[in-house]
Amino acid sequence: MATARSGFSSRLGFVAAAAGSAVGLGNIWKFPYETADNGGGAFLFVYIICIFLIGFPVMVGEIAMGRKTGANPFGAYKQLGGKSWSWVGLLGVICGLMILSFYNVVAGWSFGYFLQISFGDLLAQEDHGAFFGTYAADIGDNFLFSLAFMLLTGFVVLRGIQKGIESASKILMPMLFAILIALIIYALTLPGAGEGVAYYLTPDFSKLNLGVLNSAMGQAFFSLSLGMGALITYGSYISKSDNITTSATIVTLADTSVAFLSGLLMLPLVFSAGLETEGGPGLVFTILPGIFQGMGAIAGRIVGGTFFLLLCVAALTSTISLLEVPVAYLVDERKWPRRKAVITMAAVIFLLGLPSMVSFGAVDWLSNLTYGGESGKSFLDLVADTFSEVGLPLGGMLMSIFIGVRWKTNNLSDEIAIGNPKYKGSWLETAINVMITYVCPVVLALIFVSNLLQKFAGVSIL
Ligand code: TRP
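According to my numbering, numbering within the sequence shown proceeds without interruption in unit steps and concludes at 1546.
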């Protein structure tokens, strides 16, 4: 496949690729520590509400905009809303670039951990927290592995939609699912695990506040790959006979179940290891090696190595979707050859990621930023707070407003109905339209403003 606009070979191809985009480090690396840091069950509860009430309609909207226009986010907004709306799409492209810049760094850690567990002496370490600290601060490995990861991402994107993205997603995602379940069963037998399960599954509603809602919504958007047009782009490759609402349902359920399962794996481990629940971004890298260690030298290497390898695959199907967005933009709008677009973007994004890479101890001042009334933040935190926590809800809000007031929900319904003849007049249509027109813009505006104030001015409005 050489051109930008050929599509997925089948509905399964799209679902696998979109689920591949959704399931990634967000589920396994980020979700458990967000849950641990935000009160356990209370966070899980709010998260699931955010996913289904806000995330799902936004996902349907994105896919429909993509399929209707057959374009990248910039082109999609331009076609449907004219020049004055196209900047919203461009904003999405920029968010995608910046998210990939730090995401690739974490993907590099995962790749390094795969090698260290399988072939190195990581499992012989006494203190995995200290090991991770040293590891993240070491530029050598990180530079090499995140470069390797970006090259791999570029390679797959260069091969194009069908050969590259689809085939990577179809086989490996189910394997990840299986190994997660096996690890959960093992983890639940460890002493103290029950406490973690209770913390995770019993919502303590006294812990609910706007901060929890902010984090849950940010996490929902990040995890479902929403708010910057990744699914507009993927939607542009699907056929008119596809049923958008069914596909979106499958993707949402797959993503939510992987997140749920990684919480069910990680929180019992945290409690069983007797650690406090404030895990932060190092959580999977400090907690998981302990369980692999307990399996014995050989089994630990095999199971641990496989787990981190699958984590890399999950990350790869996500980095692919992030890189595809600016590439599609350059190919469609600027008429760049695909190869030039891929190589340039991969290089630019890798460079943009360098400050994030060195912000875990390698470069002091980048590792110790103070903003929004908090000190000790990394540059990676800064980029994630700006483009993911604040940028994605903003993008989702603008898209809902766009569909409600400019494109109009009857056009949205028309597009969805093409592959789903029973859609019009269904309760689902009513629900999606009400959410997109009234609820999403208001809730997402609230999240956007309060996240902005909380992250950058240190002000909590509730
Ligand atoms: N959803 C992915 C994850 O959970 C990350 C991701 C891929 C993403 N594409 C995206 C996040 C687009 C936001 C927007 O790991």
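From the three backbone atoms N, C-alpha and C, an ideal C-beta is built for every residue, glycine too.
At a cut-off of 7 Å, is residue i close to the ligand TRP when judged by its beta-carbon and the heavy atoms of the ligand?
i	result
ASN1122	no
ASN1111	yes
MET1312	yes
ALA1106	yes
MET1306	A small correction: the amino acid at residue 1306 is Phe; Met does not occupy that position in the sequence shown. Checking the Cβ of PHE1306 against the ligand TRP gives yes.
LEU1476	yes
ILE1183	yes
GLY1319	no
ALA1436	The residue you asked about is not Ala; residue 1436 is Leu in the sequence shown. No, since every heavy atom of the ligand TRP falls outside the 7 Å radius drawn around the Cβ of LEU1436.
ILE1192	Strictly speaking, residue 1192 in this sequence is Gly, with Ile absent from that position. Not under cutoff, so the answer is no.
LEU1349	no
GLY1180	yes
SER1341	no
SER1299	no
SER1230	no
LEU1274	no
LEU1256	no
LEU1400	no
LEU1367	no
LEU1394	no
SER1309	yes
Quick one: grab the DSSP three-state call for residue i.
i	result
LEU1308	coil
THR1286	coil
THR1273	coil
LEU1528	helix
GLU1499	helix
ASP1465	helix
ALA1086	Only weak support exists for where ALA1086 lies, its pLDDT of 35 falling under 50; the value from the coordinates is given anyway. Reduced to three states, the DSSP call for ALA1086 is coil.
GLN1209	coil
LYS1325	One detail in the question is off: residue 1325 reads as Ser in this sequence, not Lys. Coil.
ASN1298	helix
ARG1418	coil
LYS1492	coil
ASN1111	helix
SER1320	coil
SER1472	helix
SER1544	coil
LYS1254	helix
ASN1535	helix
LYS1508	coil
ALA1292	With the sequence shown as reference, residue 1292 is identified as Leu, and Ala is not the correct amino acid for it. Three-state result, LEU1292: coil.
VAL1281	helix
Report yes if the CB atom of residue i is closer than 8 Å to the CB atom of residue j, and no otherwise.
i	j	result
GLU1417	PHE1195	no
ILE1268	LEU1174	no
THR1329	ILE1500	yes
ARG1423	LEU1207	no
ALA1468	PHE1186	yes
GLY1108	SER1320	no
ASP1559	ALA1106	Absent from the model: residue 1559. The displayed extent of the chain is 1085 to 1546, so no value can be given.
ALA1262	TYR1131	no
ALA1103	ILE1334	yes
GLY1124	TYR1318	no
LEU1476	GLY1302	yes
ALA1271	PRO1352	yes
GLY1389	ILE1112	no
VAL1426	VAL1189	no
GLY1364	TYR1117	yes
MET1234	LEU1436	no
VAL1556	ALA1529	Residue 1556 is absent from the model: the chain starts at 1085 and stops at 1546.
SER1472	ASN1298	no
ILE1135	LEU1285	no
So residue i is in the beta strand (DSSP E); what residue range does that whole segment cover?
i	result
LYS1461	1458-1461
THR1330	Here THR1330 belongs to no beta strand (DSSP E); instead the alpha helix (DSSP H) covers 1328-1356.
Got a sec, what are the start and stop residues for the alpha helix (DSSP H) residue i sits in?
i	result
THR1454	Premise fails: THR1454 lies in the beta strand (DSSP E), 1453-1455, not in any alpha helix (DSSP H).
TYR1131	1125-1133
ALA1515	1511-1518
ILE1427	1422-1441
TRP1224	For the record, residue 1224 in the displayed sequence is Gly; it is not Trp. 1223-1243 is the extent of the alpha helix (DSSP H) around GLY1224.
ILE1371	1367-1377
VAL1177	1167-1203
ILE1147	1140-1153
VAL1099	1095-1106
PRO1477	1475-1485
Would you say residue i reaches chain B, if we count a Cβ-Cβ gap shorter than 8 Å as a contact?
i	result
LYS1508	Absent here is chain B; the protein component of the structure consists of one chain.
Check whether the Cβ of residue i lies closer than 7 Å to any heavy atom of the ligand NAD, and answer yes or no.
i	result
SER1462	The ligand NAD is not among the ligands present in this structure, which contains only the ligand TRP.
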